[in-house]
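Report on the following structure.
Numbering (mature numbering (1 follows the signal peptide of the UniProt record, and there is no 0)), first residue to last: -17 to -1, 1 to 314.
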């Protein structure tokens, strides 16, 4: 659920419409040295468009097209800069725990919109110390509490019918309308295509061969291994799509070569497919093109990508979805 929002893939074996997303993320910390008490961020289609923290205290646009939108409608930024949301988070902490030791509260809310079918999905979820804690059910207009510690808060919030209606209206009306407006203003940027650099990496001659693609956009991509032109699954381990510091993405797929005879290497190739790109990127399994990374180089690069994501967003580990949060004056 919350912990796994990083992987909305469009598989290229079938036709599919484009799923757009608007996500707001809020992280509140207690007793975490060197980290702001609050960090808020917003993304449109996985692109960070706004940021705020307890040090700067004002929401800042991160994209030129968002800046132009705000110039046209200055009140739009005022809504994001409203500090009532801080009181909400403080009350959450106070009511839930005495907070002995470092604590982290995370919130993700927003919506997704399918521009072909018109389908809309809204969400408002909380995590506490790295675990799912509370989520609103827009069908029953109640809160769900996967942790027993959250039941007291669930029962309290279930009684606030006005706020539940606010959540429903926001998730199904206001958020989708804003998302459509953002997609309209940022279309040229959001619908661009950037091709990746694809390389084969291997730590030792006996280890798996990693096909690594980085620098691509959008994140609607697929990577896989083939043998004699047919996709294979046995001996293949795919990784998740990760975001790079520059807003592009990276992903990889490992191939176990232990059973491949030296003369059969060229029967295998790695294929990378990107939505909007005319051609696939194909790299044949060949010892002459395999790169041996500097010790810890690839791992460190991947970990850096994850670290950046954790600092600003929410990890996505469960069902391949992505998360982003921001500032609201209601729960």
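We put the CB at the ideal spot given by N, CA and C, even for glycine.
First and last residue of the alpha helix (DSSP H) that includes residue i?
i, result
"residue 138", "134 to 141"
"residue 160", "158 to 168"
"residue 114", "Here residue 114 belongs to no alpha helix (DSSP H); instead the beta strand (DSSP E) covers 114 to 120."
"residue 149", "144 to 152"
In terms of alpha-carbon separation, which member of the options lies closest to residue i?
i, options, result
"residue 120", "100, 101, 57, 141", "141"
"residue 239", "209, 98, 154", "209"
"residue 143", "154, 157, 125", "125"
"residue 147", "27, 22, 106", "106"
"residue 220", "229, 258, 195, 211", "195"
"residue 256", "229, 108, 234", "234"
"residue 61", "51, 42, 48, 169", "42"
"residue 32", "16, 51, 18", "51"
"residue 116", "134, 236, 26", "134"
"residue 315", "177, 218, 191, 192", "Outside the modelled stretch of the chain, which goes from -17 to 314, sits residue 315, for which no answer is possible."
"residue 11", "55, 88, 2, 39", "88"
"residue 97", "114, 267, 179, 160", "160"
Please state whether the Cβ-Cβ distance between residue i and residue j is less than 8 Å.
i, j, result
"residue 183", "residue 272", "yes"
"residue 172", "residue 199", "no"
"residue 9", "residue 23", "yes"
"residue 207", "residue 189", "no"
"residue 92", "residue 34", "no"
"residue 139", "residue 94", "no"
"residue 180", "residue 197", "yes"
"residue 20", "residue 37", "yes"
Quick one: give me the first and last residue of the beta strand (DSSP E) that residue i is part of.
i, result
"residue 97", "86 to 97"
"residue 208", "204 to 210"
"residue 257", "251 to 257"
"residue 36", "30 to 36"
"residue 48", "Segment 47 to 55 is the alpha helix (DSSP H) holding residue 48; no beta strand (DSSP E) there."
"residue 9", "2 to 13"
"residue 237", "232 to 238"
Can you check DSSP and say which residues form a bridge with residue i?
i, result
"residue 214", "209"
"residue 44", "33"
Do the region 241 to 253 and the region 160 to 170 touch if we need at least three Cβ pairs shorter than 8 Å?
The region 241 to 253, when compared against the region 160 to 170, does not touch it at the 8 Å Cβ threshold.
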